[in-house]
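**Student:**
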Amino acid sequence: MALAAADTSPATAPVSDARFDAEEMLALVLARLDDDQAEDVVSIELRGKTTIADYMVVASGRSQRHVGAIAEHLVEALKGLGAKGVRVEGLPACDWVLIDASDVIVHVFQPEVRGFYNIEKMWSAAVPGGPAKMTRG
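Residue 0 is where the sequence shown starts when you use numbering that gives the first Met the number 0, and the numbers rise one by one after that.
Here it is in structure tokens:
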């Protein structure tokens, strides 16, 4: 198939294709979080603010078990999409689990831990280049 033979290395991949991949991944993350009944889901567009990712998603689970289940299901869904190199931190404790899928970074917290760190406030603050785009799910 001609499409499979195309060079998709980062140096030659069209920007629009990379953007579509980030959008598709974000949609999958938000749908999976909704399916798993994550609470207070917030997505923050990071483009133009940092090169670490295009989007950050912050969500809460009701308990350690719920946070762990949300994270495990999300990792399975991302791998099913074909995401490579998905990294996970915090699964043993499940107070705060970070899932790094390159274009999208997901933080799943227990509510009291989320309130303590308040990372969505830090990342949604105005920075040079304009305010962050923050969407509540």
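In this text, a Cβ means the ideal position worked out from N, Cα and C, and glycines have one as well.
For the beta strand (DSSP E) containing Arg86, name the first residue and the last one.
**Tutor:** Arg86 to Glu88 is the extent of the beta strand (DSSP E) around Arg86.
**Student:** When the Cα of Arg61 is compared with those of Leu25, Gly81 and Val107, which residue comes out closest?
**Tutor:** If we check each option's Cα against that of Arg61, Val107 comes out closest.
**Student:** Please work out which residues of its chain come closer than 7 Å, Cβ to Cβ, to Glu112, disregarding the five sequence neighbours upstream and downstream, and give them in chain order.
**Tutor:** It should be noted that the sequence gives Val, not Glu, for residue 112. Around Val112: Asp94 and Trp95.
**Student:** With the cut-off set at 8 Å, would you say Val40 and Val56 are in Cβ contact?
**Tutor:** Yes; because the gap between Cβ atoms is below 8 Å, this pair is in contact.
**Student:** Looking only at C-alpha atoms, which of Val85, Pro110 and Ser101 sits nearest to Leu45?
**Tutor:** Selected option, being the one with the closest Cα: Ser101.
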